[in-house]
Each structure stands twice: as structure tokens, then as C-alpha cells.
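**Q** Questions regarding the structure given below will be posed in turn.
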Amino acid sequence: MADICSPLIFAGPLCPEDLSHCMRLDRNNAFSSSWSKDQWEKELEDFMRPCIGIWKGQQLLAIACGWLIIDELHITNINVAEDSRLQGLGYQVASILLDYSRHRQAQYATLEVNTRNVAAIHLYSKLGFSTIGKRFHYYDDGNDAIIQWLRL
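First residue of the sequence shown: 0, per numbering that gives the first Met the number 0; consecutive thereafter.
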């Protein structure tokens, strides 16, 4: 389990050099299919697709990524390493991404979350998101998605 009180914890933007770390963390996401190498390269190279990471030394503990589209942040990925969950890292990395997006003039944030992902739904509620709709059979496994929205 990660010691989040360690002085070696660092949060900041992810870059193309972090590709292998992002892919490794993403492969352990139980609620969505992993992004391809090409998708990760696009995310990490595009200024309008901010990705934030929380690190402990050389280990990537948490990521939050999104797309900035006009005045909106569309959150595309929030993930925490399995052995670092339930320590507030998801909240921290998501909060950093939301703050960054506010500074980039985003006024809203939106996302889709699997109806079975109770932990993520709870996280988004703590961040102030509201449910505004549902996408039926949204995921490859046939599960539905809840659409959530937040005024920044």
C-alpha cells in the first residue's frame, strides 16, 4: 500500500515519456477497456487533452485525463493503482484536473461512469457531480453508463 504521507509524493502533468507507466496503470482498470498505445500517445501529446498523474518515486499511483472542448472538460479516464486505492488519491488527482481545467477557462465538466462502479460514482458525488442522464449498453460488456455533470 502506498504511503500517501510520504514526502516523495508528486502530482503534475503527464507527458509522452510517461507512456509505459500510464499503460501499465490503465491495464488494471476493472471497469473499462484499456486504451491502446496509439490512444495513450495522442492523449499525452495533445495540449487540449490534459493528463495529470500522482507519483511516488518512479511509481505512477493515479491518473486523471480529459479533453478540453470549448468551455467544457470531458473526463475520459480516472484510475488509481490497485494497492493505492481508498486513500483519497482518486479525489486528489481528479481535483487537480478540475482546477487545471478551470484555469484553462472550462466552465463545465462531464463524464460517463459504469453503473456498476460504485466507488467511482461515490467519488464523483464527493466532487460535486450530478447525474443528468444515462447511456444504455454504453460499454463493451453491455453495461449502462451514468452521465454526470459539474459546473466549474
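Ideal Cβ positions, reconstructed from N, Cα and C, are used throughout, including at glycine.
None of these values were measured; they are calculated from a predicted model.
1) Our contact map puts Ile146 next to Arg134 with C-beta atoms below 8 Å; I'd like the distance itself, whole angstroms only.
2) The beta strand (DSSP E) with Arg150 in it runs from where to where?
3) Where do the ends of the beta strand (DSSP E) carrying Glu71 lie?
4) For the alpha helix (DSSP H) holding Gln58, just list the boundary residues, first then last.
5) So the beta strand (DSSP E) Cys14 belongs to, where does it begin and stop?
6) For Ala63, count neighbouring Cβ atoms within 10 angstroms of its own Cβ and tell me buried if that reaches 16, exposed if not.
7) Please work out which residues of its chain come closer than 8 Å, Cβ to Cβ, to Leu97, disregarding the five sequence neighbours upstream and downstream, and give them in chain order.
8) If you check the beta carbons only, do Glu44 and Cys50 fall under 7 Å apart?
9) Considering Cα atoms alone, identify which of Val117, Leu60 and Ser83 is closest to Asp143.
10) Do you know whose CA, among Thr114, Gly141, Asp140 and Leu110, lies nearest Phe128's CA?
11) Where Ala10 and Leu88 are concerned, what is the direct C-alpha to C-alpha distance, given to the nearest angstrom?
12) Cα-Cα, which of Ala61, Tyr99 and Trp66 is closest to Gln86?
13) How should Asn27 be labelled, buried or exposed, when 16 other C-beta atoms within 10 angstroms of its C-beta is the threshold for buried?
**A** If we stick to the structure as given:
1) Reading the sequence shown from its first residue, position 147 is the one you call residue 146. Reading the sequence shown from its first residue, position 135 is the one you call residue 134. Contact holds; Cβ gap of about 6 Å.
2) As a working note, residue 150 is residue 151 in the sequence shown. That run of the beta strand (DSSP E) goes Ala144 to Arg150.
3) Position 72 of the sequence shown, counted from the first residue, corresponds to residue 71. Per DSSP, Glu71 belongs to the beta strand (DSSP E) from Glu71 to Val79.
4) Residue mapping note: residue 58 aligns to position 59 of the sequence shown, counting from 1. Element bounds for Gln58: not the alpha helix (DSSP H) but the beta strand (DSSP E), Gln58 to Ile68.
5) Working through the sequence shown from its first residue, we reach residue 14 at position 15. Segment: none, Cys14 is in no beta strand (DSSP E) and carries neither H nor E.
6) For the purposes of this step, residue 63 is taken as residue 64 along the sequence shown, with counting starting at 1. Ala63 should be labelled buried.
7) Translated into the one-based positions of the sequence shown, residue 97 becomes position 98. Answer for Leu97: Leu72, Ala108, Leu126, Leu149 and Leu151, listed in chain order.
8) Position 45 of the sequence shown, counting from 1, holds the residue named residue 44. Position 51 of the sequence shown, counting from 1, holds the residue named residue 50. Cβ distance not < 7 Å, so Glu44 and Cys50 don't count as in contact.
9) What you label residue 143 is simply residue 144 of the sequence shown in a count that begins at 1. The shortest C-alpha separation from Asp143 is found at Val117.
10) By one-based count along the sequence shown, residue 128 stands at place 129. For Phe128, the nearest C-alpha among the options comes from Leu110.
11) Position 11 of the sequence shown holds residue 10. Position 89 of the sequence shown holds residue 88. Their backbone Cα atoms lie some 10 Å apart in a straight line.
12) In the sequence shown, counting from the first residue as 1, residue 86 sits at position 87. Among Ala61, Tyr99 and Trp66, the Cα nearest to that of Gln86 belongs to Ala61.
13) Within the sequence shown, numbered from 1, the residue matching residue 27 stands at position 28. Its Cβ having fewer than 16 others within 10 Å, Asn27 is exposed.
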